[in-house]
Structures are given as structure tokens and as C-alpha cells.
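Residue numbers (the numbering used here): 356 to 1242.
Presented below is the structure to which this report refers.
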RNA sequence: GGGCGGCUAGCUCAGUUGGUCAGAGCACCUGGUUUACACCCAGGGGGUCGGGGGUUCGAGCCCCUCGCCGCCCA
């Protein structure tokens, strides 16, 4: 006998260990099986599971378990990302907290050793947390972006792109993070609106004949100004073009140039140009061949190009000093408050400096073209579809991708420099040396590039590097392109787009057929979860509290088309209850001898109730299969919830009770078998979403009746039930019973008939078919509706309360219990309901245009509806008149 | 400034091609020792589908417009 409740705490780890040990997570080796593959979005190797991971991985697991049960060779390939900047940051912070020397003092090799140490220590955390969730990844194929195979793939890709001139070295402005002292890519920059000022500075004309006023939010950059620009058509300044101003503080003469970048509407119409420290100014500088003077050091202090007394000053201190100097010189014309966007590093949070450096760039524009085309042609489809717009928007305006990082934790760039600066890009040092020997005619000492690659460079290769590329492996052959990628919209640019470009370029095919973009999980008020806000929900705590299945079901149910999910524990609790409900339904069937019958064929079932549940089950299987195919996760969860709770438990089990307690042994045996059969189907359908509870129930019911011969539920076959199992006659019959019982209950409750009262149910008017149904099901109806019996009478006795069900008139003789006023009110309400319906339909049918234009079946439908409402209303009005007569 | 998404019951959200589409869960109210389940059962109240206009015989669903809210990119 089943315990009263499912105990996730003890069952989950036991079941997971059983699955893993059985090898169920690996794709079947059956060569005939259709492949279905997913690569996991690799979490940071040293990270821990947050609620977003829980959602993302639950959905992947739902798909994988579904396809696995369908008999496909289902591969969910797991792994982790070295997460360059994030991980390096964590380790640096740890070193600092422990009072250790900084990484620079420590040296590259020792520092990297420290990071590997940290990886060894914490690297298993997140994968173990995924296990707690129930993720059925094939751990035998687990990869890490810095493992040997993936590193080889990275080098191969870099070298190949370089040879194809799709990777190049260039000196240009980059987004420089002074905190980490590295370049970062455009998308790692966050624009934040902050309060600031416009300082209006007067630059005196060189000949002393006047001044020109420029405004800036970043005064310190004036130390690197190399021009003042005005619009070529700006009459105010036309005469000044070609002349010069003397840059205050610095004393350098700089030209006044004409450039359309200067906006005559803004400020004075003149703008200072600092080509080495502003992206717009950089373009102006290039157009006008201006000198580019870098005034900053790597850590954003004024360098040797600044005036002596500014050198070594931090950028913000320099700003103050510049302002003070202008004030002193009498050249500060105005200070205007403003709000403006300031770039910040997404990891460091520090203000980003546009900074002139040598970096490696990927020609993203070229690589993007096939990636755009692939989505246009539908070779990769986004779900929900509208995310394609976001993807296109970015891809069509893509800029060169800066891939070098001045970090230590990552893939070292496979480029070596000769003594004269000549660059050799090769997969190995030996190859580089060979190339150098060839070039110089002798061995020369080479120095490897100090930089590492952007983390996203290696994750961009993930769908094929994890499968063994560049080797021609059987996994690549079988599982690439992958079937579905499940990820968040926040990394469409970072990751999805890069995988598309790399996959198409190196594999000649898209990396995935479908990209499902999952929502962002927020707190119950809709706020983004963050440590600083203290509103973080830890998925592991939720698993401890409610069980993994409840959390999984909740996340699945809330995964609609919306962009975010507002998660509340109340909801999780509700779905935990749902699991308990199913548990208890199983317990009930077990108590009532429900067991699988040898050779049970749902198509051969005789009893109407059983025929009905067979049909409902078949219908549900079909809709669930369809929904899972479409990644309609909310439909999956809601459909299962409704079928299991509202159909199977509320009606099938309730209506089956009299049979199970009755004396018709044949009907009883059939019901026991059918109940057990339907439950098995339920367990299968629910398994992808609630794997633990269902597997446990599967095991606990394994010995009841005929053996299933299917092994564990995780690898059992997904049900395939034909539409022909739906029996319209059974549906009509059970539908009538349900309607009669529901309506009868409603009447009793509204009239406050005491719970203990057992009046008979009177059948007054009904078609022959309906009468037959009532006769055949009198016992069930009596028990379920709690009436003494069913009586078939010609007319309602005085004081009986009539109600109309599917056109049939029934009544409950409960006059002695009820309050006439309450009954009058009830009847009046019912009548009013019908009256408004009649008015509504009459208006439609009275409109000749409607009858002429609407589809025939729609018109017919309305006519039927009108007839039904009118009949019901007439009956109730009659009842009301009788009631009035009594009073 | 450009783009995207949202605005449906107190709350969180479903509503496929316009025609029982006004729904679900939670919350709320009433009643319940109905031998599976109080993590339960039965019943009930509650919305002019953000405002306005249009197309149509008919609009929560299509078009226009306005208003908020959120996100992304400049």
C-alpha cells in the first residue's frame, strides 16, 4: 500500500541514481532511432544554479524526456563554460579577501593554477544541482569549454578564420574596462542613465580675436582634443573654418574644422573633438586626418601625453582639476545639469573608456550574412517567432567583434610575434616556429600573444565542438544540427547569433533547427531577482521545500509566450498539491484492486464510463503530444492538470466508485483494468514534467496485475492512442450525467438544502435516449448527487424545485427545506440569464445581413441556441408561476 | 530617437484562422467527518477585455490613433 504522501526528499536522489546508473540518459544506440539533440547552454563552471537555470533546464528536460519516450535517440549534451571574465573576477576577489597578493604580483602561471584549483573545488556544484532538478543529461558526454578537445577546436577556428581574413588585428577604439584592464565587446557594455553636467568651455582663438564655446560631459578629455568642429553650413562659424584655437591648459593650437557631425542645434553648434576617447570623435578624426592623442593609461589615469601636473591623476580627479582650471582662467561659461547615458562594464560596473588599442577582430558582417539568410529561409526557427526580429535587427547592423581580452583565464590567442613584430597565427607553437623559420630563413625567438579570447568565442562553437569537431565523429554525423536550443533572450546576441555564424561557417549547416526563447523569471511582483534586492528565490531551497516536481511543473505551467514569469511560492504549493492529488488517486485505485489486465485493449471496453475515460485519455494524449511538439509548455501543464484532476479524479474515479463497490463483477473487473490502464497513460504523459513522482508511482504499481514489460518509466514508450477510441455516444451519456449532477448540486447548494437531506431526483421531461441514460445510471447519479433514488414522474409535484439539463427537466422535491424567497431568486436569476441570451441571439438572427453573410453552420448554431434557451426559459417561468401560486 | 513586448476578474495569466471566448489557477465568500486526498470535496460572487475611432452582418482577436508600463538598441 502506498504511503499517504509522496516524499520527495528520500525518493528524488534514489530515483536519480537509478536512472543515471541504468544508462537511460544516453541516447539509444538503435541506429534506426531518429535523433533528437539539445546542447545545454553551458552555465559558468564555478557558478551555482539560480532560478533562471531551473526554468531553462526544466524545459530542456521536458523535451528530452518526451522525445526519449517517443523512441528517439535523445541526446542532451551537458557541460560548463569557463566564463573568462566572471570566473577570473571571482578568484581575484577571493585572493583579495584572503589577503593574498594581486594576480599581477602573483604572475600568470600561478594565478591560472589558482583558478583551476577553484574550478576543481567548485566545478561540480552546478552539475550536481542540475541533478537535483532531475535533468536527464548524458553526463558521459559532459564537456568544458577549456578542455583539450574544445581548446583544439578554438585554435582551429581562430587560425582558419585568420587565414580566410575573417579575423584580423586592428588598432581602433575599443570599449576599455579600466577595472579589469581589458577590452570588452559592444554588447558587454551597458548604457546607464545618470545625472551629469554639460560644462561649457570657451576656447580662445589663436590670434586672440575671440573665442569659441564648446560643451562636454567629460571635461578631462579636452586634454586630448585635436580639433573643434562646426557644421559646414553654420553661418555663425563659417569664417572661422581653417583657423585655430589655442587649447587651454595644454596650450596646443588645434584647428577649427568643418564636419557634419557638429549639430548646429546643439549647444553653441561647435563641438570639441577628441578622436582617441570618443567613438563619434574617432570617426571625425579619421575623416579629417586628425592626430589621435591618447591621454589615458590602462587604469584610466592621465598618461605622459597630458600636462605634467595632470599625469598620474585618476580620470575623475583630472575632471575636477580641468574644471577648476577653466574657472580660474575665466573660461568656464556655463554649467548645465543633464541626464545622459554613460557606458558601464556589465561585469565590473565601472565606467567604460573608449580607448585606442590593438585588438583582434572577427569580421562579423561577413559571417552574419549566411546566418541572416538561414533564419529568413526558416532553416532555423525562433519560438516565439517574434524574437527573429530582435535577431535580424542586430545581425543586420552588426559591427566587428572584438574577441581579444587582456585577461588570463581563457583560450590564449594562437598568435606568435617575431622579433620584428611579424605575426604568425598557427594552431601550435611548433607550427608557428616552423612558419617563422620559413619566413626568416632561420629560427627566431617567438613571443605568444598575451591575450585570451572572449568567452563567447568558444561558446559560439559549442554545438559542434562538444561533439568532437574538428574530428569527423559519429556524434557530429548523428546529432548535428541539433534539434532545439532552449535559452534566454538576453543572450540572443552574445550566444545564439555567434553559434549561428560559426555553425554555418564551419559545419556548413545551422546549429539548430529551432530556438526556443524562454522567459525571464522574476519575483512575484515582477522585479528582476538580484542579490542586492534580496528577492532571490533559490531553486534548491524550493526543491527542498516542495520537491523538484512541483518546481518543474510550476515553471512549465508559467512558460507562455510572455517575456517574464512572476514566480510565487503559492503557485508552487498549488502544483505540489497537484502531485499529491495524483498520488492519492493512485492510492485509491490500489485500494480498490485496480490492476493491469493481461491483454487489455482499450478499444474493447464495454462499460460506458470506461469507454468515456478511454476516449478522454486518447484525446489528452493527442493534445499533449501536439503541445510538446510545439513547445507549448503552458498548454502541456494546464492540459495535464485539468485532465488528471478535473476529469480523472473528479469524475471518472467518483463515477467509478459505485461500480467498484457494486456486484456487477464483469463491470467491476473492467473498471479496475481501465482505471489502471488510464493511470499508466497518465504517468507517462506527466513524466516529462514530473519525473520523480511519476517514476515512483510507476515503480510502486509495477506489481499490480499484468507486468508492463516496459522497464523504468523514463524509457517507457510514449502513448499513442487513436482518435477512434473517442466514443461520441459515451461522451454524450457521461456528459449528461455530469451535467445533471452538477446542476443538481448547484440547486441544492443555492437553496441551502441540508447536507444530510436525501430527496429523490425526479425526472420529469426527457427524450427517450436521456431517460434511458438516467435509468441505466440511477445508482451512480444517486450516490454522486446524494439523492435517495431517481423517480420518473409525469409532472413536478407541488413545491418541487425544477431545473433544466440539456433540455431535460429534472426536479428535486425539497420544499420543506427551502426558503421560498431563495428559490424565487434562483429562478429569477436563471430566467434572466436565459432572457439575455435570447435577446442577444435574437438580435443576431433578426439581422438579415447576418443570416445572409454568416456561415450556414454559424447561423444554425445560433438557431439551436435560441430554441434551447427559449425552452429552458419557458420551463423555469412555468415553475416560477407555480411557486407564486403556492404563496 | 529607433525597435520590440505588454495593458483581459482582487492577483498571476490563457484566449489558435474574427462567430457559446469572456476562461484557468490563486485569493475571497458559503457549506461539508462523502472510509484516495483538508496538500481535500461541493457551491458561489467578481471583468463595458487600457481610452477613442474604423473595417465587418459580427472584434478581446484585424486597421488607425492616443495613453500608460517594461525591455532592447542608439
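Glycine is no exception: its CB is placed at the ideal position from the N, C-alpha and C atoms.
These figures come from a predicted structure and were not determined experimentally.
Item, Value
"Please state whether DSSP places residue 440 in a helix, a strand or coil.", "helix"
"For my contact list, residue 1076 and residue 973 are in at a C-beta cut-off of 8 angstroms; report their separation, rounded to the angstrom.", "4 angstroms"
"In whole angstroms, give me the CA-to-CA distance for residue 928 and residue 1116.", "39 angstroms"
"Please report the straight-line C-alpha distance between residue 1232 and residue 1225, rounded to a whole angstrom.", "10 angstroms"
"So, are the CB atoms of residue 1040 and residue 944 less than 8 angstroms apart?", "no"
"Are the beta-carbon atoms belonging to residue 599 and residue 587 less than 8 angstroms from one another?", "no"
"Judging by CA-CA distance, which residue of 948, 1045 and 1072 is the nearest neighbour of residue 1058?", "948"
"Here's a check: name, in chain order, each residue in its chain whose Cβ is nearer than 6 angstroms to the Cβ of residue 576, leaving out the five neighbours to either side.", "629 and 632"
"Assign residue 1140 to buried or exposed, taking buried as 16 or more other Cβ atoms, counted over all protein chains shown, within 10 Å of its Cβ.", "buried"
"In whole angstroms, give me the CA-to-CA distance for residue 625 and residue 841.", "50 angstroms"
"Could you give the residue range of the beta strand (DSSP E) that holds residue 592?", "Run containing residue 592: none; DSSP gives neither H nor E here."
"Keeping to the same chain, check which residues put their C-beta closer than 7 angstroms to that of residue 684; ignore five residues upstream and five downstream.", "603"
"Below 8 angstroms on the Cβ atoms is my contact criterion, and I expect residue 1144 with residue 1137 to pass it. Report the Cβ-Cβ distance as a whole number of Å.", "6 angstroms"
"With a CB to CB cut of under 7 angstroms and the five nearest residues on each side skipped, what residues in its chain are close to residue 1031?", "944, 949, 950, 951, 1059 and 1060"
"Can residue 1231 be considered in contact with the ligand NAP, in the sense that its beta carbon sits closer than 7 angstroms to one or more heavy atoms?", "What this structure holds is no ligand at all, so the ligand NAP is not there to describe."
"On the criterion of 16 or more Cβ atoms from any shown chain inside 10 Å, does residue 821 qualify as buried, or is it exposed?", "buried"
"Below 8 angstroms, how does it come out for the region 713 to 720 and the region 742 to 757: are there three or more Cβ pairs, yes or no?", "yes"
"Would you kindly report the start and end of the unbroken beta strand (DSSP E) that includes residue 714?", "708 to 717"
"By Cβ distance below 6 angstroms, which residues in the same chain neighbour residue 1069 in space, the five residues on each side in sequence not counted?", "374 and 379"
"Between which two residues does the beta strand (DSSP E) holding residue 539 run?", "537 to 539"
"Going along the chain, which unbroken runs of the alpha helix (DSSP H) with 4 or more residues stay wholly within the region 680 to 707?", "none"
"Please state whether the Cβ-Cβ distance between residue 815 and residue 854 is less than 8 angstroms.", "yes"
"Give the DSSP-derived three-state secondary structure of residue 767 in the structure shown.", "strand"
"I need the straight-line Cα distance from residue 607 to residue 641, nearest angstrom please.", "20 angstroms"
"Reducing DSSP to helix, strand and coil, say where residue 546 ends up.", "strand"
"Out of 1152, 1114, 848 and 1160, which has the shortest C-alpha to C-alpha gap to residue 1087?", "1160"
"In terms of DSSP beta bridges, what is residue 1120 paired with?", "1164"
"Does the beta-carbon of residue 1147 have 16 or more other beta-carbons within 10 angstroms, so that it is buried, or is it exposed?", "exposed"
"How is the beta strand (DSSP E) around residue 523 delimited, first residue to last?", "522 to 532"
"How should residue 635 be labelled, buried or exposed, when 16 other C-beta atoms within 10 angstroms of its C-beta is the threshold for buried?", "exposed"
"Do you know whose CA, among 1002, 1000, 1001 and 1027, lies nearest residue 1013's CA?", "1027"
"For residue 759, which beta-bridge partners are listed by DSSP?", "808"
"Going by DSSP, what residues sit across from residue 1147 in a beta bridge?", "1118"
"So, do the region 487 to 497 and the region 447 to 462 have three or more beta carbon pairs nearer to each other than 8 angstroms?", "no"
"Taking 8 angstroms as the threshold (C-beta atoms), are residue 778 and residue 785 in contact?", "no"
"Is it the case that the Cβ atoms of residue 342 and residue 749 are separated by a distance below 8 angstroms?", "There is simply no residue 342 to check, as the chain begins at 356 and stops at 1242 in what is shown."
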